[in-house]
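Our numbering applies: residue 194 is where the sequence shown begins, and numbers increase by one.
The beta-carbon is built from N, C-alpha and C at its ideal position, and this holds for glycine as well.
Here the structure is a predicted model, which means the values were calculated and not measured.
To start, the structure itself, in C-alpha cells.
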Amino acid sequence: MSLLNQFIQAKNQGRKWTMLTAYDAPTAELLENAGIDLILVGDSLGMVLLGYPSTREVTMDEMIHHAKAARRGARHSLIVGDLPLKGIEKGPRQALASARRFIKEAHLDAVKLEWGKDAVEIMKLFSKHRIPVMGHVGLTPQTVKGRDGFKVRGREALCAMKIFMAAKTFEANGAFSVVLECIPKAVASIITGRLKIPTIGIGAGPACDGQVLVFQDLAGIFKKFHPRFVKRYADLDRVMRRAVESYKQDVLSGKFPKNEHSFSMKTAEFDLFLKGACV
Numbered sequence: 194m195s196l197l198n199q200f201i202q203a204k205n206q207g208r209k210w211t212m213l214t215a216y217d218a219p220t221a222e223l224l225e226n227a228g229i230d231l232i233l234v235g236d237s238l239g240m241v242l243l244g245y246p247s248t249r250e251v252t253m254d255e256m257i258h259h260a261k262a263a264r265r266g267a268r269h270s271l272i273v274g275d276l277p278l279k280g281i282e283k284g285p286r287q288a289l290a291s292a293r294r295f296i297k298e299a300h301l302d303a304v305k306l307e308w309g310k311d312a313v314e315i316m317k318l319f320s321k322h323r324i325p326v327m328g329h330v331g332l333t334p335q336t337v338k339g340r341d342g343f344k345v346r347g348r349e350a351l352c353a354m355k356i357f358m359a360a361k362t363f364e365a366n367g368a369f370s371v372v373l374e375c376i377p378k379a380v381a382s383i384i385t386g387r388l389k390i391p392t393i394g395i396g397a398g399p400a401c402d403g404q405v406l407v408f409q410d411l412a413g414i415f416k417k418f419h420p421r422f423v424k425r426y427a428d429l430d431r432v433m434r435r436a437v438e439s440y441k442q443d444v445l446s447g448k449f450p451k452n453e454h455s456f457s458m459k460t461a462e463f464d465l466f467l468k469g470a471c472v
C-alpha cells in the first residue's frame, strides 16, 4: 500500500498523528523509542541549531548532513525531509534533484514542500517520479524575512480561502498529508473536514488529524522567542545551564575529577615510566 493510501486509511479510522523535529541521531533515536509517528528533519534547524536569523539561509547540503544523522538514530521511523528554500528556489528541476538527495543519500521516506509559486509544477514532477510529499500551507516560514513576519495567517476570509485552496491543490496533486501552520482553529477544522488526507497542525487548533512541534521548543531548549502555540513540556535550557555551571565550579574548586573519574597503572609500570621520564 502506498504512503498516500496508508494515510487516507488511517484518517478514515480516526487516527491521530504525532510528529516532532529531529536534526541529529540522539534526538531521532529518542523520538523513535518514545513512539512518535513521524520525524521531521525541518529547515527550522537553521534557527534552532545553526544560528541563522530565519530558515531561508539553510542549504541543501546542511539538510542532507542532518537528515543522514537523523536516519542513523531512527532506522525504523518514517522520516520526512524539509525542502529548504535554497533547494527549490531555481525551480521544479532543482526541487526534484533536492528531493532525490533526501531519499537516495539520507534514506528518508518523504519530503515536505511549502506552498509557493512553483508548488503545483513541483508537485506534478514529484508525482511523476513517485516521490511522497507532505504539503505545508498557512504560515510558510520560507517567505518570512523577519521575526515580525511570524504571524497568524487566514484571519480574513480571502486569505483563509487561499489557504484552503492551497491545501486542496496539494491533495489533488498527490500529497499524502498537509501541514497547517498558524491559522485560526475554525479554518483548520473546515480544511481538515474537507480533505481526504490527514492534516498536521502547528498552531492550528485541536481539530487537525495530527500535531507537530519543533523539539527544541517543546523541550525548552530554544529560548529566543516563544510562539503562543508552543506548549513547553520541560525547561532543558535551565537544566543544562545548571549542569554546566556545576561543572565549572567543581573544576575550579578541585571537586572534579576525583579518583573514581581517573585511571591507575601498576606500580612497576609507573616506576619504569619514571625512569624513562627522568632521562
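Beta-carbon spacing of residue i, residue j below 8 Å
| i | j | result |
| --- | --- | --- |
| Val273 | Lys321 | no |
| Ala263 | Ala215 | yes |
| Glu307 | Thr333 | yes |
| Val251 | Gly239 | yes |
| Met327 | Gly367 | no |
| Leu429 | Ala412 | yes |
| Pro285 | Asp236 | no |
| Met253 | Arg294 | yes |
| Ile281 | Ala288 | yes |
| His269 | Asp217 | no |
Nearest neighbour of residue i, chosen from the options [CA to CA]
| i | options | result |
| --- | --- | --- |
| Glu225 | Ser237, Met316, Thr211 and Asp236 | Thr211 |
| Leu233 | Ser455, Phe408, Cys471 and Leu467 | Phe408 |
| Lys529 | Ala303, Ala221 and Ser247 | Residue 529 falls outside the range modelled here, since the chain spans only 194 to 472, and no answer is possible. |
| Asn205 | Ile390, Lys459 and Gln404 | Ile390 |
| Arg421 | Arg435, Asp428, Leu429 and Leu406 | Leu406 |
| Asp410 | Ala203, Lys209, Leu213 and Leu197 | Leu213 |
| Val337 | Ala400, Gly309 and Gly447 | Gly309 |
| Cys375 | Val423, Lys417, Thr362 and Leu351 | Val423 |
| Val371 | Gly244, Asp275 and Arg435 | Asp275 |
Where residue i falls, given that 16 or more other Cβ within 10 Å makes a residue buried
| i | result |
| --- | --- |
| Phe357 | buried |
| Met433 | exposed |
| Ser195 | exposed |
| Leu331 | The question names Leu, but residue 331 in the sequence shown is Gly. With 16 or more Cβ atoms within 10 Å of its Cβ, Gly331 is classed as buried. |
| Gly394 | buried |
| Met256 | buried |
| Pro450 | exposed |
| Leu373 | buried |
| Thr220 | buried |
| Met354 | exposed |
| Thr392 | buried |
| Gly403 | buried |
| His419 | exposed |
| Ser457 | exposed |
| Gln335 | buried |
| Arg346 | buried |
| Leu271 | buried |
| Ala379 | exposed |
| Ala303 | buried |
Nearest-angstrom Cα separation, counted from residue j out to residue i
| i | j | result |
| --- | --- | --- |
| His329 | Gln199 | 19 Å |
| Arg431 | Gly386 | 41 Å |
| Phe369 | Val437 | 43 Å |
| Ala397 | Pro377 | 6 Å |
| Phe343 | Val241 | 15 Å |
| Ala360 | Asp311 | 14 Å |
| Pro325 | Ser382 | 24 Å |
| Glu364 | Leu301 | 21 Å |
| Lys468 | Ala461 | 11 Å |
| Glu193 | Ala292 | The displayed coordinates of the chain run from 194 to 472. Any statement about residue 193 would go beyond what the structure contains. |
| Leu231 | Phe415 | 21 Å |
| Asn452 | Val444 | 14 Å |
| Gln442 | His454 | 16 Å |
| Glu349 | Ile384 | 15 Å |
| Lys283 | Arg425 | 37 Å |
| Cys471 | Phe463 | 12 Å |
| Ile229 | Ala203 | 15 Å |
| Leu318 | Leu223 | 34 Å |
| Lys261 | Lys459 | 44 Å |
| Phe466 | Arg249 | 57 Å |
| Ala227 | Ala400 | 23 Å |
| Arg435 | Ala427 | 14 Å |
| Leu351 | Leu197 | 29 Å |
| Arg439 | Gly447 | Checking the displayed sequence, the identity of residue 439 turns out to be Ser instead of Arg. Each residue's Cα considered, the two are about 12 Å apart. |
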